[in-house]
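Going by our numbering, the sequence shown opens with residue 340, and the numbers climb by one from there.
Cβ coordinates follow ideal geometry from the N, Cα and C atoms, glycine included.
Take a look at the structure below.
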Amino acid sequence: PGQDVQGPVKGIPTTAEGLQIANYLPETAKVMKEVCTIHSMQSKQGDHDQASYLLHKGYNQLGTIVHPALGSWVTRLKGTDNDTLPGYIAVNSPANMIGAGWMGAKFAPAVVTNPEKGLEGTSRHPSVNEEDFERRLSLTDAINKRFHRENPSPNAKNFGMLFDEAVRVMKSEDLAAFDLTKESPTIRNRYGRHTFGQGCLLARRLVEHGVRFIEVTLGDWDTHYDNFTGVQARCQLLDSAYSSLITDLRARGLLESTLVVLSSEFGRTPEIQKQHRNGRSHHPGAFTSLLAGGGVKGGMTYGKTDKEARKVIENPVTFHDLNSTIAYSLGLDHAKVIESPSKRPFRMAGPDKEDAGPITEVFG
């Protein structure tokens, strides 16, 4: 606030002492007492695909291997609290960023493309009654067992496990977690009647049902042109959904045991590009991420940039550090090594050369 580079955006006070945020986020301002603001994020990747890959997976994208996403690491190391629902669910997320990579299909996410429709493909076709369905399952099981005996393959085995998991979900009462019609219109409106808002509401319901890791994506922040118009529009979607999620988790006694992470793959340049109708370009050198719940100190800030947010000047944080911090919050060893099928060592924190570690100062 107070710098020429801020443009028409105004700072407003929040419930976190001494912290201001953009006036585009009035509801979020009310919950900042629950949030730790990391002002000193930085990355070496300024390309969308490379930066998003690093954000999700902790490694640089290579042509020789596909790395597991963070959700796959968490479900492999931590397991799940629900025996029937998937441990890792991705809502409206880019397919190339959320997969399990070399960990295989067992740790891949269940994908929800439209929260209004829930987890699609989980009900019998109307023309198939329960008796016929069970007969078909028995026949499929017999064929699969013979196939696996004659063709022992880890990939085929993993696919079979996914099939069995899908059948368990179909028969589970917990499938109701995906039914947003069970929420009142008032609550649904408060989150926002859009994909991100309903996705965050779905995330809250999934947390209540013991799902370990949920990712909800809000895209279209690439404001090379008309930055202030575009950011204001996206913030309206973010504001209602994020603030409602934090508020509801706190009200239900779930925030302390649930870590909520809000992050982008990089920031935007301080320079306002007037030749591009007041656009901003990519800026991985300094940006902000938010943590809430999961033992994190609410209302605090960590790290610092210069006055125009061009560079980090105090307590720099990389995605390797952020992922290590997520691991720490979940009681996981960020440096634990797991070998890929090709015997290559990998860690949730990323390559050991990065010397990453959790930001323990943000925990109370």
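Touch check for the stretch 489 to 499 and the stretch 429 to 448: three-plus C-beta pairs under 8 Å?
Touching, yes, given that three or more Cβ pairs across the two stretches are closer than 8 Å.
For the beta strand (DSSP E) containing S379, name the first residue and the last one.
Looking at the DSSP string, the run of the beta strand (DSSP E) that includes S379 is V374 to M380.
Can you have a look at E473 and say buried or exposed, based on whether 16 or more other CB atoms are within 10 angstroms of its CB?
Label assigned to E473: exposed.
If the criterion is Cβ atoms closer than 8 Å, does the pair A695 and D660 meet it?
Taking 8 Å as the Cβ cut-off, A695 and D660 qualify as a contacting pair.
Could you tell me the alpha carbon to alpha carbon distance between L478 and S681, rounded to whole angstroms?
The straight-line gap from Cα to Cα measures roughly 35 Å.
Using a threshold of 8 Å, state whether the C-beta atoms of I585 and A631 are closer than that.
Yes, the pair counts as a contact, with Cβ atoms nearer than the cut-off.
What number of angstroms, rounded off, separates the C-alpha of V550 from the C-alpha of W560?
If I take the Cα positions, the gap works out to 28 Å.
Where do the ends of the alpha helix (DSSP H) carrying A505 lie?
Here the alpha helix (DSSP H) through A505 covers P493 to K510.
Does DSSP put S523 in a helix, in a strand, or in coil?
Note: S523 maps to coil in three-state DSSP.
Could you round the C-beta distance between T657 and E693 to whole angstroms and report it? I think they count as a contact, below 8 Å.
Indeed, because the Cβ distance is near 7 Å, the residues count as touching under 8 Å.
Report the residue from R591, T556, L364 and G350 whose alpha carbon sits nearest the alpha carbon of I437.
Residue T556 is the option with its Cα nearest to I437.
With 16 as the cutoff for other CB atoms within 10 Å, does K396 come out buried or exposed?
Looking at its Cβ environment, which holds 16 or more other Cβ atoms inside 10 Å, K396 is buried.
Of the choices G531, V600 and N362, whose alpha-carbon is the least far from that of Y637?
Note on residue identity: the sequence assigns Gly, not Tyr, to residue 637. Nearest of G531, V600 and N362 to G637, Cα basis: V600.
Quick one: what's got a C-beta closer than 7 Å to V519's C-beta in the same chain, skipping five residues either side?
Strictly speaking, residue 519 in this sequence is Leu, with Val absent from that position. Once the five neighbours on either side are set aside, the close Cβ partners of L519 are P454, E455, R527, Q537, L540 and L541.
Work out the CA separation of V451 and L598 for me, nearest whole Å.
Looking at the two C-alpha atoms, the distance is approximately 21 Å.
Taking the alpha carbon of T461 as the reference point, which residue from R589, K510 and I428 has its own alpha carbon closest?
The shortest Cα separation from T461 among R589, K510 and I428 belongs to K510.
How would you label T534, buried or exposed, when you count the other beta carbons within 10 angstroms and need 16 or more for buried?
The residue in question, T534, is buried, as its Cβ has 16 or more Cβ neighbours within 10 Å.
Measuring alpha carbon to alpha carbon, tell me which of N566, S620 and R544 ends up nearest R591.
Nearest of N566, S620 and R544 to R591, Cα basis: R544.
For S582 and K484, what's the separation of their Cα atoms in angstroms?
Taking the straight line joining both Cα atoms gives about 49 Å.
Does DSSP put L629 in a helix, in a strand, or in coil?
Correct three-state label for L629: strand.
If we ignore side chains and look at the alpha-carbon of each, how far apart do G633 and P697 end up?
The alpha-carbon atoms of G633 and P697 are separated by roughly 13 Å.
Taking buried to mean at least 16 other C-beta atoms within 10 Å of its own C-beta, is Q608 buried or exposed?
Going by the sequence as given, residue 608 is Thr instead of Gln. T608 comes out buried.
Roughly how many angstroms lie between the CA atoms of N617 and S492, to the nearest whole one?
Approximately 55 Å between the Cα atoms of the pair.
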